[in-house]
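Take 56 as the starting number for the sequence shown in this note's numbering and just add one per residue.
Every residue, glycine too, gets a C-beta built ideally from N, C-alpha and C.
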Amino acid sequence: MDAANIELQIKRAECDSTNNNFELHLHLGPHYHFFSGALHPVVSQTESMWDLTFDKRKTLGDLRQTIFQLLEFWEGDMVLSVAKFVPAGLHVYQTLDGDHLTLCEVEITDGEDIFVWNGVEVGGIQIPTGSDCEPLLLNVLHLATSNEGKECQQLIESPHVFPSNAEIGSVFTALAIPDGVILVNKTESLSEENWTTIPKEDLKKTFGEQGLRNGSSILIQDSNDGNSLLTKQGKWITSMNEIDWLQVKNLCQLGSEEEQVKISATLNTVVFDIQIKAIKELKLMKELAENSCLRPIDRNGKLLCPVPDHYTLKEAELKMGSSLGLCPGKAPTSSQLFLFFALGSDIQPGTEMEIIVEETISVRDCLKMMLEKSGLSGDTWHLRKMDWCYEAGEPLCEEDATLKELMICSGDTLLLIEGKLPPLGFLKVPIWWYQPRGPFHHWKSHQEQTNGIFPQGGVWRADSTQGAPSDTHAEVSLHYLGDIEISEDATLGELKSQAMTLPSFSEFSIPSPAFLRAWTVESKRPSRLLRVHQQQLKEYKLGKRTEICLEPLQKEENLGPQDVLLRTQMRLPGKRAYALPSDLVWDTAQGWTAGSLRQRVADFYSLPVEKIEIAKYFPEKFAWLPVSSWIQQITKRKKKKKQDNLQGAPYYLKDGDTIGIKNLLVEDDGDFSTVRDDIGKEKQKEFALGRKKSQEALRVQSRDVFSDAEVLARPHGPEASLSIHVRSFR
C-alpha cells in the first residue's frame, strides 16, 4: 500500500508539473545591442537567451526573484518586458507590472520571450518600445545611379527597417534621395498587381497608417523622368511583371564580343534554359553548358551560391531585374553543399575561398579538404561558423558529426581558426590574474594596513591612500596567464591546481590552491564567484567561452553554497572617505535579511549592532543605499509584511558588492557619499546633458528615420518604487 501511495504521489507530481509548468525564453539585455531598428545578439542567439521552466501559478514577483538568483552578475534595476521576434530582429513590447499577480493573470503564455533589462536603454541607446513603433522590414526598389549622377536601367532592391510610426516620407532620407514619387505594394509578392501611388500630401502619414507590414515593397521613382524603365507611355506601371528580364554577365574568362546580356524570362522559367540562352547570346561555345553555372550577384558585387540547374526562378527566389554571373564549374547537386571559407576571423567580404563538399562529410574531413585547398598543413586547426554579423561564432566541436547533422547549408561561411579544439567533455579556459588594487608584490595584509584598528580581513591589498570606496570590480587589473584544457568532470580545486602549473604563474608565490579565489570574467571584470572546491565544473554550467580570473588570498578559504562574499569599508570619522576594504563572509543560511547582515557586520567590527549604519554602494550611479531593517520601511496601514530579502529590489545584493559601515559612536550623520561620488555624479550629468544636446541637433539637422523613432518614443523618467494596497470588500 505504501509503495502504491508513493507511486501515486509521483504520478500526481508529474501530472502537476506537466499541466502547470511552461517554458520561458529569457533574453538578457547586456547581451544585445540595438541597430537597424531592432535588438540583435552581440555574440550568438544561444548565449543571449536562457530557457527557464516555471510554474504559471506563481507570481510575477516570484519570477523576478528567480531570475535574480540565476543572474548573479546583475546590477541595478531589473525590468521584465514581453518581447517578440519580428523580421527586423527582437522588439520589446509592454513591460510586466504587478508582482502580486500570477503569470496567468499577466497573460504570459508558454514559450513567451521575456526581455530582461533596466527598462530604459541597451548599450547606451534608448530603446523604443510598444506596438506603435514596431520595426517593419520593407523592400525598397529604385533605379541605380551612375557615377555621373544619371539613373541607370538597373533596378536595385534592398531591405530597410523603419519604425511603423515613422513618416513614410523618411524613406527619401534613408536612401539619400532628394525627392520623388513613392509607390507601395502592400503584399509580399512583387508580381501581384496592386501598386499604388502615395500622394505628396500623404507622405507625412506613418507606415502603419498606410497599411504597410513586413514584406511590403516600396518603389521610388523620379517624377521628372519620363524615359524610366518603370514608366510606360507616361503612365505609372501597375505590375512588376513588365520587368521580365534578367541580366547575365560573362565571368567565364573566355573571348566574347559581349560582356553581358539581358535574357527575358518569367518566374516559371527554368534556370538551365536561361543559362543556354545566355551562352547563345554571349556567343560562347555550346560545350560550356555542361561545365558552367549561374550565380546571383549581390548589390556589393559578390558572387553568391550557384543556383541548381533544375530550379525555376521562383524556386531559386530570383527576382526580375536581378544580375547573374555565368561562371565556370557545375552547380552543386541536391546532396552537395557549396561553402565559402576563409583563414582567420578578420576577413573582408569577397575574399573568401569556395569549395563544394558532400553534405554527409564529417567536420574533420571537411577541415582537411579546406586546409589542403588553402595550402596549409598540421593538426592545430579547427572550424567555426561565421555568424550573421560577419564574426567567428561557436567552434564546430563535434568533429565526427556530418555537416548535415550540424545544419550547415549551402552559402554558409566557415572560418579556419588556428588552435586545436579540446576533446569532447573538455573545456579550454583562459586564465587571468586578478589584482584588485595594484601590483601583487606590493600587497600587504589587512592587519598591516590598519595597524590593528579594525579586525583582520582575508585578502592582500595594495598600498593606497584612504579615500573614496573602491569598486573592486570596476577598478580591476586583469593579467592574462594562459589557457588550460580541463575536463568538465574536474573539480574547481583541480582547475586552480592546473592553473598554478602555467609558466607565467611562477612569479606569484601561492602556497596551495586553497589560497586562490575564482571568479568568472565578463566584460573584462570579475562577475560570478565560484565556490565549493570539490564541485565539478560541469555543475557551474560555464559554457564554451567562459574565462576565469584568480584572486590571491592570505589564508585558506572554502566558501559554502550559502556564503556571500562582501567588500566592507569603514567610514573614517570626520572625513568623507573610507578605510581600505576588508572581505566579509556572510552565512545566509538563515535568510538574506537586513537584520542578519547588520548583525554579521557588527560582529565583524566588534561594535554594538544598534551603533552602526550600513549601506550598499552602486558604483555605476555613484550612490549609496542604506540597508535598514524592513520593519522601518513598512507603513502602519500595510497589513501584509513583504519578504525581507536583500537579493531583490532595491538592493540586489550579490558577491563582491561594496558595503560601507558608519560607527554611530563617533559619527551620526546619514551621509555615506565621498568626494569621488560628487565628481562622478557631476560627470554623469554633463555627459547626459551633452548627449541630449547632440541628439537634439541630430534630429534637427538630419531627421534620420532612426532619430524619428527616438523622438516618437516617450523618454523614461527615473524609476521609483511604489506600493499600492487595495483592500478586498468581497
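Under 8 Å, do residue i and residue j count as touching if we go by C-beta distance?
{"i": "Pro387", "j": "Phe395", "result": "no"}
{"i": "Leu196", "j": "Glu222", "result": "no"}
{"i": "Arg586", "j": "Leu614", "result": "yes"}
{"i": "Trp487", "j": "Val576", "result": "yes"}
{"i": "Pro607", "j": "Leu584", "result": "no"}
{"i": "Ala371", "j": "Val326", "result": "yes"}
{"i": "Gly380", "j": "Leu306", "result": "yes"}
{"i": "His86", "j": "Val97", "result": "yes"}
{"i": "Leu639", "j": "Lys579", "result": "no"}
{"i": "Gly544", "j": "Lys483", "result": "In the sequence under discussion, the amino acid at residue 544 is Asp, which differs from the Gly named in the question. Taking 8 Å as the Cβ cut-off, Asp544 and Lys483 do not qualify as a contacting pair."}
{"i": "Pro190", "j": "Ala93", "result": "yes"}
{"i": "Ser99", "j": "Gly448", "result": "yes"}
{"i": "Ile273", "j": "Val239", "result": "yes"}
{"i": "Leu151", "j": "Val137", "result": "yes"}
{"i": "Gly735", "j": "Phe677", "result": "yes"}
{"i": "Leu107", "j": "Leu63", "result": "no"}
{"i": "Gln617", "j": "Asp642", "result": "yes"}
{"i": "Met133", "j": "Val171", "result": "yes"}
Pull the bridge partners of residue i from the DSSP assignment, please.
{"i": "Tyr672", "result": "Trp679"}
{"i": "Gln553", "result": "Answer by DSSP bridge pairing: none, since Gln553 is not bridged."}
{"i": "Ser272", "result": "Asn194 and Asn240"}
{"i": "His588", "result": "Paired residue(s): none; His588 is not in a bridge."}
{"i": "Ile169", "result": "Leu81 and Val137"}
{"i": "Asn76", "result": "Asp110"}
{"i": "Ile472", "result": "His437"}
{"i": "Trp574", "result": "Leu584 and Cys604"}
{"i": "Thr457", "result": "Ser417"}
{"i": "Met625", "result": "Ile716"}
{"i": "Phe90", "result": "Ala93"}
{"i": "Glu176", "result": "Gln181"}
{"i": "Asn305", "result": "Leu381"}
{"i": "Ser103", "result": "BP columns for Ser103 are empty, so no partner."}
Using 10 angstroms around the beta-carbon of residue i, count the other beta-carbons present and answer buried if the total reaches 16, otherwise exposed.
{"i": "Val721", "result": "exposed"}
{"i": "Lys304", "result": "buried"}
{"i": "His437", "result": "buried"}
{"i": "Gln645", "result": "exposed"}
{"i": "Arg354", "result": "exposed"}
{"i": "Ala320", "result": "buried"}
{"i": "Leu547", "result": "buried"}
{"i": "Gly703", "result": "buried"}
{"i": "Pro491", "result": "buried"}
{"i": "Pro674", "result": "buried"}
{"i": "Asp710", "result": "buried"}
{"i": "Met56", "result": "exposed"}
{"i": "Arg653", "result": "buried"}
{"i": "Arg622", "result": "buried"}
{"i": "Lys341", "result": "exposed"}
{"i": "Met441", "result": "buried"}
{"i": "Gly629", "result": "exposed"}
{"i": "His496", "result": "Because His496 carries a pLDDT of 34, less than 50, the predicted location of this residue cannot be relied on, and no value is offered for it."}
{"i": "Val760", "result": "Bear in mind that the predicted position of Val760 carries a pLDDT of just 45, short of 50, making it unreliable; the figure below should be weighed with that in mind. So Val760 counts as buried."}
{"i": "Ser390", "result": "exposed"}
{"i": "Gln276", "result": "buried"}
{"i": "Asp434", "result": "exposed"}
{"i": "Phe742", "result": "exposed"}
{"i": "Val418", "result": "buried"}
Are any of the Cβ atoms in chain B nearer than 8 Å to that of residue i?
{"i": "Val484", "result": "The structure shown contains no chain B; it holds only a single protein chain."}
On the premise that residue j lies in contact with residue i, defined as a C-beta separation below 8 Å, what is that separation, rounded to the nearest angstrom?
{"i": "Ser432", "j": "Leu471", "result": "Contact flag wrong, Cβ pair sits at about 12 Å."}
{"i": "Ile329", "j": "Leu358", "result": "Not a contact, Cβ separation roughly 16 Å."}
{"i": "Val656", "j": "Ile716", "result": "6 Å"}
{"i": "Phe123", "j": "Ser582", "result": "At roughly 15 Å, the Cβ-Cβ gap does not stay under 8 Å, so Phe123 and Ser582 are not in contact."}
{"i": "Glu446", "j": "Ser400", "result": "7 Å"}
{"i": "Phe560", "j": "Ala554", "result": "7 Å"}
{"i": "Ile169", "j": "Leu135", "result": "5 Å"}
{"i": "Phe15", "j": "Ile541", "result": "Coverage of the chain is limited to positions 56 through 785, which leaves residue 15 absent and any answer about it impossible."}
{"i": "Phe77", "j": "Lys113", "result": "Incorrect: roughly 11 Å between the Cβ atoms, too far for contact."}
{"i": "Leu115", "j": "Asp154", "result": "5 Å"}
Continuous beta strand (DSSP E) assignments of at least 3 residues falling wholly in the region 212-267: Counting only runs of 3 or more, we get 236-240 and 251-253.
Alpha helix (DSSP H) segments (min. 4 residues) lying fully within the region 357-432: Scanning the region 357-432 from its first residue to its last, the whole alpha helix (DSSP H) runs of 4-plus residues come out as 418-429.
4 or more residues per run - each alpha helix (DSSP H) lying fully within the region 312-363: Taking 4 residues as the minimum length, the alpha helix (DSSP H) runs contained wholly in the region 312-363 are 326-336, in order along the chain.
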